[in-house]
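>
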Amino acid sequence: ATSIIGCTLLIGTPERFPGWMAPLCLVLGDALIYSSVNQVQSILFGMQMQNALPEGHPLDANGVTFAQATIIAICRVISPWATRKIAESGSQAIYGMAQLSVCAFCWIFFEATL
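In short: position in the sequence shown from 1, add 258, done, that's our numbering.
1. Can you give the beta carbon distance from VAL322 to GLN306, rounded, assuming they're within the 8 Å contact cut?
2. Let's see if you can read the secondary structure: which residues bound the alpha helix (DSSP H) around ASN309?
3. Should GLN350 be labelled buried (16 or more other beta-carbon atoms within 10 Å of its own) or exposed?
4. I need the DSSP call for TRP278, collapsed to helix, strand or coil.
5. Could you check which residue in MET279, TYR292, LEU282 has the C-alpha nearest to that of TRP259?
6. Please report how far the alpha carbon of LEU284 lies from the alpha carbon of LEU317, in whole angstroms.
7. By how many angstroms is the C-alpha of ALA356 removed from the C-alpha of ILE344?
8. If I'm right that LEU290 touches SER261 with Cβ under 8 Å, what's the distance once you round it to whole angstroms?
9. Please report how far the alpha carbon of ILE332 lies from the alpha carbon of GLU346, in whole angstroms.
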């Protein structure tokens, strides 16, 4: 729910809040999204560790940790570039819709795996 509130702050912000409020809403919206995504990532990592396969299997605790660290490192390299490309090619509304779609996809995926 917090990430959805953050996404609504991103969508259409310059039109709704002209002037100095638009950058503030952008920073606040991204902060809300980042904190909620970080919390969900921690919960999912705990679930991965609980359900890791026995040692020696590729999906044991070491393998899962390595895979997650690799994916996070790749995403940290790609995401700033992709975010700037989305913001430059469209508008802040397109950036907000991209954030909303990623949050919705993760929420649906999380609910489907429980």
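Quick reminder that beta carbons are idealized off the backbone N, C-alpha and C, glycines included. Note that this is a predicted model, so its numbers are computed, not measured.
Walking through what the data contain:
1. 5 Å
2. First-last for ASN309: undefined, no H or E at that position.
3. buried
4. coil
5. Correcting the residue identity first, residue 259 is Ala in this sequence and not Trp. Comparing Cα positions, the closest option is TYR292.
6. 39 Å
7. 8 Å
8. 7 Å
9. 22 Å
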